[in-house]
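What follows is a single structure, written as structure tokens, with notes after it.
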Amino acid sequence: MNSTLSLNRPVRNYTLGSFKNPKLIEARPSRHQLRSHLIDFSKLKWFGNVNSRTGSSVQQQLRDYSCESRRITSRRIRVSSNDAQFGSFPNKGGAESSSFAEFITSERVKVVAMLALSLALCNADRVVMSVAIVPLSLAHGWSRSFSGIVQSSFLWGYLISPIAGGTLVDYYGGKAVMACGVALWSLATFLTPWAAENSLLALLFARAMLGVAEGVALPCMNNMIARWFPSTERARAVAMAMAGFQLGNAIGLTLSPILMSQGGIFGPFVIFGLCGFLWVLVWLSATSSTPDRSPQISKYELDYIMNKRQKSHAVESKPKTKMIPPFRRLLSKMPTWSLIVANAMHSWGFFVILSWMPIYFNSVHHVDLRQAAWFSAVPWCMMALTGYLAGLWSDTLIRNGTSITLTRKIMQSIGFVGPAVALVGLTAAKTPSTASAWLSLAVGLKAFSHCGFLVNLQEIAPHYSGVLHGLSNTAGTFAAIIGTVGAGFFVELVGSFQGFLLLTSLLYFLAALFYIKFSTGERVHFDESDS
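Residue numbering for the sequence shown follows this note's numbering, beginning at 1012 and increasing consecutively.
This is the structure in structure tokens:
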């Protein structure tokens, strides 16, 4: 919790004991540090016992400084409680390290927690249809292939918005664009029951509008993290945000059958839509687009973020992005294509598992809808956990001297090769429990991708991370549409989910090789002025 404090942290009213400890004065993190030339240390031993002009002058200077410090502090700085107790003050020129206690109670973690909640709502709104499609298909007599088309309608909208959304994010910032996106997708979710009751066309349009709005979510997340977190914490921050993304899958898959049993097929659409409107109100009132605009951030945390972040990667230090980004130069570099291929493969596997696993457990292992939802939800909880652990490991590797390029390639290799092997094991599973274990391993290892290509977007093009994310997301959406619709037709033609899973496994291996060959963790200069 944040609380407004007087400026009495290391300087505790400047008692005599304080002045006898020069280290305490040197460790003072404030810019309003007492200048050493104001104090004659040879006189401090009798400072309290004299009435000389010198003693009176020093006392008056101290009183004036204390009043001025309190005036400046009360004007803007609100200091978190951990900041008042933090025992390791920065060395010369600013903060050098951050303890876990400072990190977990900091303003930047509040921002990433709000991002995690938005991404949880984002995925919960998506996966409701993965559960609702079973009773809807039975009620309307839809075939497997047509059910895939209904589920893919979300991706039609998601296909067109990431590039435009990423451009808007780079131009206007993540806070405003994220608020508009969440409000629009919550409205689309809330109106889905009305659309389904009126016509199939209205239902498809509502789901497509959901996709349009959700296309800005990940570019906004990347933009906000690039502004709020130094490079040594970004993998951990992305992992925390994406943990919310995966927990949204678990929440949607587990709560939807329960809400449907209590409030009908469309109960979860209404509940999740209302939650989105509430989130927007909190987001607009409690967060800021950049650290230096936040009235709640402590001075220690602001100095830490600014000093640790590399100047060449500081988003706000450069002129505002051009409204029309340099698409030709972006697409002329192989590191861009390594991100596009990685995102495409990640989205293929993600949406195939997200959309078809409830039906897979229901048709292959003959479990009912509620059990199928639970079996499908467990892997996403595993992904949230392994994603955070991957983020910690990734940041630790970089702090210990491993190059950013090698770190990203290690993370991405685990994120693709691991699921490829696990999906082969899934095809041989004979029981629902065994299948769920293999699926949990596949999805859990898939989370390492978040510390690979997803963080890499900020590193090769910090000034164009939004539009670059949009480009790669558009490719990912194409792949997701092909995978989601193709799985339905593949099962109808071949009669086997296992064959499609083996195909997905092969594609994972090929994508891993491409990323290892062409990716980099270094800044790629896309502007002509940068060359």
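Think of the CB as a built atom: it goes at the ideal place given N, C-alpha and C, for glycine as much as any other residue.
Burial is judged here by how many other beta carbons sit within 10 angstroms of a residue's own beta carbon; Ser1405 has at least 16 and is buried. Between the stretch 1454–1474 and the stretch 1415–1427, the count of Cβ pairs shorter than 8 Å is three or higher; the stretches touch. Taking the C-beta atoms as reference points, Thr1203 is found nearer than 8 Å to Phe1280.
Residue nearest to Val1363 within the set Leu1450, Phe1537 and Ile1236 is Leu1450 (criterion: CA-CA distance). Closest by C-alpha distance to Leu1258, out of Gly1284, Leu1285, Leu1342 and Leu1128, is Leu1128. Counting of Cβ neighbours within 10 angstroms places Thr1442 among the exposed residues, the total staying below 16. Pairing Ser1483 with Ser1507, the inter-Cα distance amounts to about 30 Å. Of Ile1282, Ala1498 and Asn1260, the smallest CA-CA separation from Trp1359 is found for Ala1498. Taking C-alpha positions only, Gly1159 is separated from Leu1417 by approximately 38 Å. Judged by beta-carbon spacing, Arg1245 lies beyond the 8 Å limit of Phe1165, meaning their Cβ atoms are not closer than that value. In summary, Lys1457 is buried, with 16 or more beta-carbon neighbours lying within 10 Å of its beta-carbon over all protein chains present. By the neighbour-count definition (other C-beta atoms within 10 Å, threshold 16), Val1120 is a buried residue. Around the Cβ of Ser1444, a 10 Å sphere holds fewer than 16 other Cβ atoms; the residue is exposed. In the three-state scheme derived from DSSP, where H, G and I count as helix and E and B as strand, His1480 is classed as helix.
In the structure shown, the three-state DSSP call for Asn1354 is helix. Within its own chain, the residues whose Cβ lies closer than 6 Å to the Cβ of Gly1287, once the five positions on either side in sequence are excluded, are Leu1132, Val1193 and Ser1197, listed in chain order.
The alpha carbon of Ile1415 has as its nearest neighbour, out of Thr1531, Arg1247 and Thr1495, the alpha carbon of Thr1531. Going by beta carbons, Met1253 and Gly1412 fall outside the 8 Å limit.
For Cys1462, there is no enclosing alpha helix (DSSP H), as DSSP marks it with neither H nor E. Listed in chain order, the non-local C-beta contacts of Gln1509 below 6 Å within the same chain comprise Thr1438, local neighbours out to five positions each way being set aside. Note on geometry: alpha-carbon atoms of Ala1448 and Cys1392 lie some 12 Å from one another. Taking all protein chains shown into account, Lys1420 has 16 or more neighbouring C-beta atoms within 10 Å of its C-beta and is therefore buried. Apart from sequence neighbours up to five positions away, the residues of its chain that approach Ala1355 with a beta-carbon distance below 6 Å are Ala1486, Gly1487 and Ala1490, ordered along the chain. One thing to note: Thr1301 has its Cβ within 8 Å of the Cβ of Arg1238. Where Trp1239 is concerned, the enclosing alpha helix (DSSP H) starts and stops at Ala1228 to Trp1239. Secondary structure remark: continuous alpha helix (DSSP H) runs of at least 4 residues inside the stretch 1352–1434, in chain order: 1380–1410. Across the set Phe1537, Asn1134 and Pro1146, the C-alpha of Phe1537 shows the shortest separation from the C-alpha of Ser1343. In this chain, the alpha helix (DSSP H) harbouring Ser1164 covers Arg1155 to Tyr1183. Relative to Val1223, the option among Ser1141, Trp1167 and Ile1276 whose CA is nearest is Trp1167. For His1536, the three-state secondary structure derived from DSSP is coil. Ala1150 counts as exposed, since fewer than 16 other C-beta atoms from the protein chains shown sit within 10 angstroms of its C-beta. Pairing Trp1153 with Val1145 gives a Cβ-Cβ distance that is not under 8 Å. Exposure of Gly1274 is indicated by the presence of fewer than 16 other C-beta atoms within 10 angstroms of its C-beta.
Around the beta carbon of Leu1350, 16 or more other beta carbons lie within 10 angstroms, which makes this residue buried. The shortest CA-to-CA distance from Ala1440 to any of Arg1339, Val1375, Gln1423 and Leu1126 is the one to Val1375.
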